[in-house]
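To start, the structure under review is shown below, and the notes come after it.
4 protein chains.
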Amino acid sequence: MKYKVAILGATGMVGQKFIQMLEGHPWFQVSALIASERRVGKIYSDEVDWIVSKDIPKNVTEMEMLPMDPKRIDADIVFSALPSDVARDIEARFASEGFVVASNASAFRMEDDVPLVIPEVNPDHLGLIDVQRKKRGWDGFIVTNPNCTTIVLVITLKPLLDIGLKEVNMASMQALSGAGYPGVPSLAITDNIIPFIRGEEDKVETEPLKLLGYFDGKRIRFADISVSASCHRVPVIDGHTEAVFAKFSGKVEVDEIADAFRSLKPVDGLPTSPENVIVVRDEPDRPQPRLDRNEGNGMSVVVGRIRKDGEDRVKYIAMGHNTVRGAAGASILNAELMVKEKLI
Amino acid sequence: MKYKVAILGATGMVGQKFIQMLEGHPWFQVSALIASERRVGKIYSDEVDWIVSKDIPKNVTEMEMLPMDPKRIDADIVFSALPSDVARDIEARFASEGFVVASNASAFRMEDDVPLVIPEVNPDHLGLIDVQRKKRGWDGFIVTNPNCTTIVLVITLKPLLDIGLKEVNMASMQALSGAGYPGVPSLAITDNIIPFIRGEEDKVETEPLKLLGYFDGKRIRFADISVSASCHRVPVIDGHTEAVFAKFSGKVEVDEIADAFRSLKPVDGLPTSPENVIVVRDEPDRPQPRLDRNEGNGMSVVVGRIRKDGEDRVKYIAMGHNTVRGAAGASILNAELMVKEKLI
Amino acid sequence: MKYKVAILGATGMVGQKFIQMLEGHPWFQVSALIASERRVGKIYSDEVDWIVSKDIPKNVTEMEMLPMDPKRIDADIVFSALPSDVARDIEARFASEGFVVASNASAFRMEDDVPLVIPEVNPDHLGLIDVQRKKRGWDGFIVTNPNCTTIVLVITLKPLLDIGLKEVNMASMQALSGAGYPGVPSLAITDNIIPFIRGEEDKVETEPLKLLGYFDGKRIRFADISVSASCHRVPVIDGHTEAVFAKFSGKVEVDEIADAFRSLKPVDGLPTSPENVIVVRDEPDRPQPRLDRNEGNGMSVVVGRIRKDGEDRVKYIAMGHNTVRGAAGASILNAELMVKEKLI
Amino acid sequence: MKYKVAILGATGMVGQKFIQMLEGHPWFQVSALIASERRVGKIYSDEVDWIVSKDIPKNVTEMEMLPMDPKRIDADIVFSALPSDVARDIEARFASEGFVVASNASAFRMEDDVPLVIPEVNPDHLGLIDVQRKKRGWDGFIVTNPNCTTIVLVITLKPLLDIGLKEVNMASMQALSGAGYPGVPSLAITDNIIPFIRGEEDKVETEPLKLLGYFDGKRIRFADISVSASCHRVPVIDGHTEAVFAKFSGKVEVDEIADAFRSLKPVDGLPTSPENVIVVRDEPDRPQPRLDRNEGNGMSVVVGRIRKDGEDRVKYIAMGHNTVRGAAGASILNAELMVKEKLI
């Protein structure tokens, strides 16, 4: 018996990725596609501009789209790929009516009582669920995953925390799929890069402090590091590349950093979990998004070019699949963790 | 009467750019194209894979290519677009035989007695010419310009020095033309970025210290700042984009930084000099290489997105045309400065 | 004294190109920018997503946008860059109120009494203006130019007519700018081509028959040739490339074809007219859109690779700038012709 | 027990594709990698610029490269990915020494006594093997597959032959991987197409006549159709797209053509054979190379946009994976057919 899952925002880029990743999932089965009013009652394949692969998975092709009304939805889990402006109301409505909402939207990420979770980084933050339900009086609850760029970054920062990480400067080269569909016009990005992504830098500079923070049973005490981000769009389909400059409280060595990366462990028993959370490549010119984005079925972060920069500083390149590890896969992995922890 | 100029390495990407920029130049006239042995005696248009514009300028199309032998060359100035490994011997040979060599190659850049010059940044470093000639016993001399990525960066760092600049982290997104022709294979860079450019980071981390250093009449005392670079290749034809994180010794403000950028003055009277050395754009999404690389005929550096990052830190985006301001135009501007300073 | 010109649809891609090409035009001066209702009263630079060059020409930056009401517009000529569905009503309204409408829209192109004109191909078709005004009782009139792909094709077919042209198969590789802005999503076209452009093939198969037809004083008798087109979108910013297979009624030779191309004459005295209507290149790998699209300031068609294919067949490649020769420049050239012919 | 296979030209693009497709092959096992003299004795992974996927298959990583000397090679089949100029001598040497050579090179394709085969199109042409061995006195023999562009085209022409196909005009939009590695420089193809591929059109115009010809027991009588090709390079990684204009001896209908495409049967029992040789898509904008190139693991040809063009003419788009169905997969499928036919 599989858990029934519904998808909020099923026609967008991340919604499509949810559908693709849930095809044949051993624990979850898509039971409902929830759409905005104008699409209710219509057939999924007639409405979607399917872009993430050759064909729409057969199990959803003929599904009729349902309204954003919790009473009409039969599901155990609701995955949300909504834009943040509409996510706030709708996710709250579903959570208050008893659904488990695993959200990729940014609306609730920084709320005090909402877990912002990467299973390999801060699974204990799920403890906030109790705080949330008590405070809000909801039957269900909301768990969020971070922004795509944040996820790739924070997975690499987690193992550096114990070595004395203090300051991070990060310049990203982000894929087109991060802007959704139709997203970035081809005329804007051909033979070009765009050094701006609205709202992105703010998310990348704040979310890591919560993710790497300490849950004291009541709330998250933010990590005492600083993160500065400069975010740029490049003509790459999938895969965010990040140039990270990290400063530590003391002396560090390249091997020590590489070992720390390799030591980050996956959560046992989750179907979507990669074998290696971080893959460290030794070639001088890796990771590259086109070659490495599907590592671990898109769930691994690939790191390379770890270089020392004075006694207490290191720089490296991190790359991860932004719509898999950075979006749909992040929500699914969170849901799997909640199943394992018997929260669903 | 124009000065006669010869071009070393005339068939490569930068060599072509020299020819393109020198067409119709008011002071300089191409008198010789110097090539490697296998090309000597052949006609330029038969040998070159012309890529920088629609057609080869008519004044050089039918030129016969000459050997790397100073005795066979009739010229006042030799522009060098040689690869660094061959530049060392050949540039020295021409300088020793009395030629003024304005070089884009890296071979001599960091030599104690060789000026590494950007006219708007450190024109007084030309004083090293006397030191060089005395030390080496040459009739002529060598003056170099920096690496393309360094130039764009240092033009923006110069006005920040007086404000207390201490540390720089810089992530570059570099154009394909920087790798020459054929250079980067299309299969390597389509739907991809390559986070590695051989030798580049080392140049970008050392050359600024000399450029921003103090010439005491005998030698250059390097600037007391640190620069760390992470260099990446992106699918853009021309124009290097750089995300700069700058740390200062004290408090700084965005307006102060913008004013400093705008205050950098061009050298009066040089034909290739742009009206504005640095153009500051206010839009949230500029500079962009395809839109801004031809600003000031490719000789301006365009800056945007100046953002504060705590009290003493600022980040911004800088972009410049890598084969114009960053290569051929840099050497030509140096030669123009030397003419103005009556060094030629 | 210049003619005052208004632009219908000034914020779109072709509207921007009109503005760019009219900057500094010796005969025409932009006097009004006409916009849809929601933009009326707003400032042009606030509303436009300027994409065709670095900066908006200064003469229009601060212009207030005016409504689609002929009584509110002070102009001698109205250039129309409207989408075809709205063009029908609005262009008719302006023509009926006495304006000369030079339209790039498809709405009226195939109407019996509306000239569809390329100055170098069928200037005499302007004779239809009298027919049109008589029939419709308008004070003004409408003159149209063809679809961008048609223009490039027909300019090369015109000189072949006298040699016995019978059948044409043409496969196009069309630039992104032809789809307007935002137009083609980058996710749809990166590492891809799209073998379909809505409505395009029908236009390319019918418009040439009218353009190459004979005006008998009352109407156009269509040319007796057949044209079949297969239209494809490729990741190129500007410049449509067309592979043409032409069949003749008798034997033809490559030199004869090349001579015919070179013999097509520009109309004397038109400011936007190129020196060479068709440029024939001899290299085996030309024309190429990035290298050749600005030939003749974008108004020349560049042809290459003329090859025989049996006795009576020839194939060749034609390329032209789709938003210059194929759109804004086409309307402007038509207006210039009308001024010369004293029709304005 | 698997057949041992050797690969000639293992470091190039097609050689890599052979290795990738043979990993885990149920009938064949790579026993030798044969290289040019300067690479003999070196380890494969040290020499190859691996580009076709993330990592080199483990079974060949550490293989030592062997010389082009039949006496040193232990294999049942030799797959050749050699450039044509060297293929002639070396393939003959291996065939004369008793090896079965399945070649992707063009050297022997049009020889009277050498089978040029696509299993679904002309499997009976393998009968030429006897003719070849007798005539040349070889212990082994050579079987070739066509050029990549030819294969995609001919698979779609085969079912049209019985309907009365007479004339074909074809314009191709060919992928970058067809030019090998490093192949097309990124500076040459970014924001561009190149309307020329050396030698390609000649192959595409002659090979189909042999492939679609009749084997009378002694030689191939060429098909009585004409094929004209215009070949163009586009910025697509994999997948050749072809716009086909077909003329018939009589009236044809779209449905008839579609049915004919669907009726082409795979050869039973070959491991690399796709379920559907031709997949016909109904969407107006398919096939597209990025979406459809992996159909049937890259072995299907995908067809779409079948349109009538007068009574006796039809046009359509065909697309196939050029290095799979068009190169390595073609040779492997031929070898599988020979095993099935007990020729090996």
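Chains as they are written, first to last, in this note's numbering: chain A, -7 to 336; chain B, -7 to 336; chain C, -7 to 336; chain D, -7 to 336. Beta carbons are placed, not taken as given, at the ideal position from N, Cα and C, and that holds for glycine. Quantities reported herein were computed from a predicted structural model and do not represent experimental measurements.
Touch check for the segment 118 to 138 of chain D and the segment 182 to 189 of chain D: three-plus C-beta pairs under 8 Å? no
Pull up the distance between the alpha-carbon of Lys150/C and that of Pro227/B, whole angstroms please. 39 Å
Three-state secondary structure (DSSP) of Thr136/B: strand
Start-end ranges of the alpha helix (DSSP H) lying completely within the segment 254 to 302 of chain D, minimum 4 residues: 281 to 284
Please state if the CB of Asp230/B and the CB of His313/B are separated by a distance shorter than 9 Å. yes
Just reading off the beta strand (DSSP E) that Ala310/A is part of, what are its end residues? 305 to 312
Cβ pair Val338/C, Leu201/C closer than 9 Å: Residue 338/C cannot be examined here, being either before or after the span of chain C that is shown, -7 to 336.
C-alpha distance - Ile43/D paired with Pro174/D, whole-angstrom precision: 10 Å
Return the first residue and the last residue of the beta strand (DSSP E) that Ile26/B is part of. 20 to 26
Own chain residues within Cβ distance below 6 Å of Ala97/B, not counting five before or after: Ser72, Leu74, Ser76, Ala79
Let me make sure I understand the geometry here. Which of Leu108/C, Arg190/C, Thr53/C has the alpha-carbon closest to that of Gln8/C? Thr53/C
Going along the chain, which residues of its own chain have a beta-carbon closer than 8 Å to the beta-carbon of Ser255/B, five neighbours each way excluded? Pro151
Measure the CB-CB distance between Leu262/C and Leu325/C and report whether it falls below 9 Å. yes
To the nearest angstrom, report how far apart Glu192/B and Pro266/B are at their CA atoms. 26 Å
When you compare the CB positions of Ser164/D and Val196/D, do they come within less than 9 Å of one another, or not? yes
Element boundaries [alpha helix (DSSP H), containing Lys332/D]: 321 to 332
Quick one: give me the first and last residue of the beta strand (DSSP E) that Thr315/D is part of. Where Thr315/D is concerned, there is no enclosing beta strand (DSSP E), given that its DSSP letter is neither H nor E.
Residues of the segment 273 to 288 of chain D whose Cβ lies closer than 8 Å to any Cβ of chain A, in chain order: Leu283, Asp284, Asn286, Glu287
Closer than 7 Å by C-beta to Phe354/C: which residues in its own chain qualify, once you throw out the five before and the five after it? Chain order, please. Residue 354/C lies beyond the residue range present for chain C, which begins at -7 and ends at 336; the question has no answer from this structure.
When the Cα of Pro276/A is compared with those of Gly170/A, Ile298/A, Lys50/A, which residue comes out closest? Ile298/A
Would DSSP call Asn51/D helix, strand or coil? helix
Whose Cβ in chain A lies nearer than 7 Å to the Cβ of Leu179/C? Ile43, Leu168, Ser169, Tyr173, Gly175, Ile229
Establish whether the CB of Thr141/D and some CB of chain B are separated by less than 9 Å. no
Tell me the DSSP secondary structure of Glu197/A in three-state form. helix
Taking Cβ-Cβ distances below 9 Å as the criterion, which residues of the segment 290 to 324 of chain D are in contact with chain C? Gly296, Arg297, Arg299, Asp301, Gly302, Arg305, Lys307, Tyr308, Ile309, Met311
Other residues of its chain near Ile189/A: CB distance less than 7 Å, five sequence neighbours each side excluded: Gln166, Cys223, Arg225
Quick one: using the 10 Å Cβ neighbour count with 16 as the cut-off for buried, is Lys210/B buried or exposed? exposed
Residue range of the unbroken beta strand (DSSP E) whose run includes Val70/A: 69 to 72
Could you give the residue range of the beta strand (DSSP E) that holds Ser241/A? Note, Ser241/A: premise wrong, no beta strand (DSSP E); not H, not E.
Entirely within the segment 76 to 128 of chain A and at least 3 residues each: give me those beta strand (DSSP E) ranges in chain order. 92 to 95
Do you know how far the Cα of Ala215/D is from the Cα of Leu335/D? 26 Å
According to DSSP, is Met60/B part of a helix, a strand, or is it coil? coil
Within the continuous beta strand (DSSP E) that includes Met165/B, where are the two ends? 157 to 166
For Ala252/B, the nearest candidate out of Pro115/B, Val92/B, Asp47/B, Val271/B (CA to CA): Val271/B
DSSP state of Thr3/C mapped onto helix, strand, coil: coil
With a threshold of 9 Å between beta-carbons, can Met5/B be considered close to chain D, or not? yes
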